[in-house]
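Just so we're aligned, residue 5 is where the sequence shown starts under this note's numbering, counting upward by one.
We put the CB at the ideal spot given by N, CA and C, even for glycine.
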Amino acid sequence: DTVTGLLLAGIGDIDAHQRSNFLVVDSKTTQEQLEEAFTSFTKRKDIAIILINQHIAEDIREMLDEYNEAFPTVLEVPSKDHPYDPSKDSVLKRVQLLFGD
5 DTVTGLLLAG IGDIDAHQRS NFLVVDSKTT QEQLEEAFTS FTKRKDIAII LINQHIAEDI
65 REMLDEYNEA FPTVLEVPSK DHPYDPSKDS VLKRVQLLFG D
């Protein structure tokens, strides 16, 4: 649902090399596909923000925790069926460390 909403808002793109700037994740999506997509998106110069549903982020939590580049920024968002849990958000944890919380 998140991808559908963003595509309807005009955020989705497929470049000249047939690479999309989004990944639709469903029950058939493998761990390897998630990891490959994240790695690919973080290396692209045409992507400034990576939005990932928090429950999907849990599947690649180690990669997210190790990622420390400013761009593209990774933001974890809630989904329709999974509420946001701030205790799992790697970006929020880093902010809290900076401010000593």
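- Between the C-alpha atoms of D93 and L79 there is a straight-line separation of about 8 angstroms.
- Taken atom to atom, the span from the alpha-carbon of D85 to that of S91 is near 18 angstroms.
- By the beta-carbon neighbour count (other beta carbons within 10 angstroms, threshold 16), F45 is buried.
- One Cα belongs to H21, the other to K49, and the distance between them is close to 14 angstroms.
- Annotation: E62 to P87 spans about 13 angstroms, alpha carbon to alpha carbon.
- Our two residues, A74 and S31, have alpha carbons roughly 30 angstroms apart in a direct line.
- Take the alpha-carbon of V7 and the one of R23: they are about 16 angstroms apart.
- DSSP, read as helix, strand or coil, puts T77 in strand.
- Taking 8 angstroms as the cut-off, the Cβ atoms of L55 and V81 count as close.
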